[in-house]
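Protein chains in written order, with my numbering: chain A, 1 to 221; chain B, 1 to 304.
Glycine is no exception: its CB is placed at the ideal position from the N, C-alpha and C atoms.
Okay, structure first, notes after.
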Ligand SMILES: Cc1cc2nc3c(=O)[nH]c(=O)nc-3n(C[C@H](O)[C@H](O)[C@H](O)COP(=O)(O)OP(=O)(O)OC[C@H]3O[C@@H](n4cnc5c(N)ncnc54)[C@H](O)[C@@H]3O)c2cc1C
Ligand code: SF4
């Protein structure tokens, strides 16, 4: 167990924030999460958004109303302490450093493992990165992401010129299909289910599709 | 830490000699891969959840040592449980090594950790020994299963079960056994789901009674030496898991050999650091889960 000092809590909207904590000697691979604890015994996994060479750890968190952990984390102040497990995970966009071709598709805070990858391996750019949020203000680190030549943003509840209006699954036709590409999907369950099905229907092998669900669409969130 | 032989442990609260099992042979060696799990099921008798390390990740180096020692003792199969084994970063390598030597069984919730690594798992069908998976499908009702395991997880587990079967592996399922259930009716209710997944209708279904959370102390009858000799024949005693199997558990950076798969929350069942030592030790039946074996013949094994 690690005790990490809070450095900053930066809200981008009322419900979305970046939690920055001291790194201590935490070692991780992009895609890893840690379980963060509230002041009691409850813990939840959160994906690390920082690069593996950064001095701090970053988490992109959606504050769930009355959520036992996310709500508590949202109320932290610089200097507070947070308990965290060692990093672990089963979603590894970082495996592509071996020269694999990859495609990233995220919704909401699901961009965190991809930001970690892009920050850790800035020269290993995915063939395509699709990111879906409801409104422009909900997009995390858009400036950084828009530097990628192959980044597309989908806004489901707002029309903004130069961005796709609709759910990110409306952009599936842009996805290159090849047997050696790995497809990494992270965020909302319905996006992941729909995209996995679309990929399999288009001949992509199940073994090339990697999933990480953070949130469920039909919850009262 | 070795089993302590205090009077309190050797005798029941009524001061009668406690019942015990003298291990006979090592047919099956279980490995606990760690209590870190992607799910956090409220009933989990291991208390597993994301990031948990009550029982730590076993490494390939540690597992190899016990696999080699077990082979010297004539082990017939290796079995793995967690947590979710596929959360352990070295698990596929451990399995790869074990399959060089003996058939293996893996207990899994068959969700993202396995789904995401299935490309590395499928080649294991070409190993010299067969690999079987036992997938948890608690109830023949997706809603009930998902109530505790989390939304969508019945569907994912069922889908993975079908893919493993089509991939050439042996599969079975584990389910919870409710008190007063009509077991045949419950088993039969799985049929449409099995058909849907493309697995045989007569798939092996392992039923587990309520085991209670780690560290809990439910009231159960104590097992005395006289119960074990009057009501349980030597043949029946030989079917107790602690008679023919052991489990490797890593806590606080050290691996210990535990009496069976059900008692890793009590240090008295840590029988030492080597299998040779552990096999010589009597297992005193003082855990509430020992009563499940005594009364209902609970077993995690599937036979060889
Ligand atoms: C591997 C993994 C990585 C994750 N990484 C991140 C991350 O980087 N950023 C992030 O914001 N979240 C992430 N999550 C989700 C996070 O772990 C928690 O589920 C979330 O923060 C809610 O926890 P809570 O304790 O605040 O709410 P809880 O007290 O658990 O829940 C309060 C209520 O909210 C609803 N609810 C809670 N969680 C969910 C959910 N996931 N989907 C739908 N409804 C829900 C339920 O109705 C519940 O009754 C991740 C989840 C997983 C499995
Ligand atoms: S999936 Fe299994 S090990 Fe994981 S929490 Fe649920 S019951 Fe426990």
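| Asked | Found |
| --- | --- |
| Counted within 10 angstroms of its Cβ, other Cβ atoms place residue 171 of chain A as buried (16 or more) or exposed | buried |
| For residue 149 of chain B, the first and last residue of its enclosing alpha helix (DSSP H) | 142 to 149 |
| Exposure label - residue 343 of chain B; buried when at least 16 CB within 10 Å | Nothing in the structure corresponds to residue 343 of chain B, since chain B is present only between 1 and 304. |
| Chain B residues whose Cβ lies nearer than 9 Å to that of residue 206 of chain A | 115, 118, 119, 163 |
| Nearest residue (CA-CA) to residue 8 of chain A, options A:208, A:176, A:80 | A:80 |
| Which listed residue (B:76, B:88, B:11, B:230) has its alpha carbon closest to that of residue 250 of chain B | B:88 |
| Per-residue contacts from residue 200 of chain A into chain B (C-beta, under 9 Å) | In chain order: nothing, as chain B lies at least about 11 Å away. |
| 8 Å contact criterion, which residue 48 of chain A and residue 32 of chain A should meet: CB distance rounded | 6 Å |
| Contact with chain B by residue 117 of chain A, beta-carbon distance below 8 Å | no |
| Test: residue 34 of chain A CB closer than 8 Å to a CB of chain B | yes |
| In DSSP terms, what residue 132 of chain A is bridged to | A:107, A:154 |
| Residue range of the unbroken beta strand (DSSP E) whose run includes residue 275 of chain B | First-last for residue 275 of chain B: 275 to 279, but that is the alpha helix (DSSP H), not the beta strand (DSSP E). |
| 3-residue-minimum beta strand (DSSP E) runs that sit fully inside the stretch 177 to 241 of chain B, ordered along the chain | 205 to 208 |
| Short CB-CB distance (under 8 Å) between residue 216 of chain A and chain B | yes |
| Beta-bridge pairing of residue 20 of chain A - partner residues as DSSP gives them | A:8, A:58 |
| Inter-stretch contact at 8 Å, needing at least 3 Cβ pairs: the stretch 3 to 19 of chain A / the stretch 188 to 200 of chain A | no |
| Closer than 8 Å to chain A by CB, residue 72 of chain B | no |
| Close-in-space but distant-in-sequence residues of the same chain around residue 115 of chain B (CB under 7 Å, 5 per side omitted) | 156, 160 |
| Counterpart residues of residue 90 of chain A in DSSP-defined beta bridges | None; residue 90 of chain A has no bridge partner. |
| Proximal residues to residue 187 of chain B (C-beta, below 6 Å), its chain only, five neighbours per side dropped | 205 |
| Rounded straight-line distance, which links the Cα of residue 125 of chain B to that of residue 2 of chain B | Low local confidence applies: a pLDDT of 49 at residue 2 of chain B is under 50, so the model's placement there is unreliable, and no value is given. |
| Paired residues, beta bridge with residue 247 of chain B - DSSP | B:30, B:258 |
| Cβ-Cβ distance between residue 306 of chain B and residue 133 of chain B below 8 Å | For chain B, the structure presents residues 1 to 304; residue 306 of chain B sits outside this window and is missing. |
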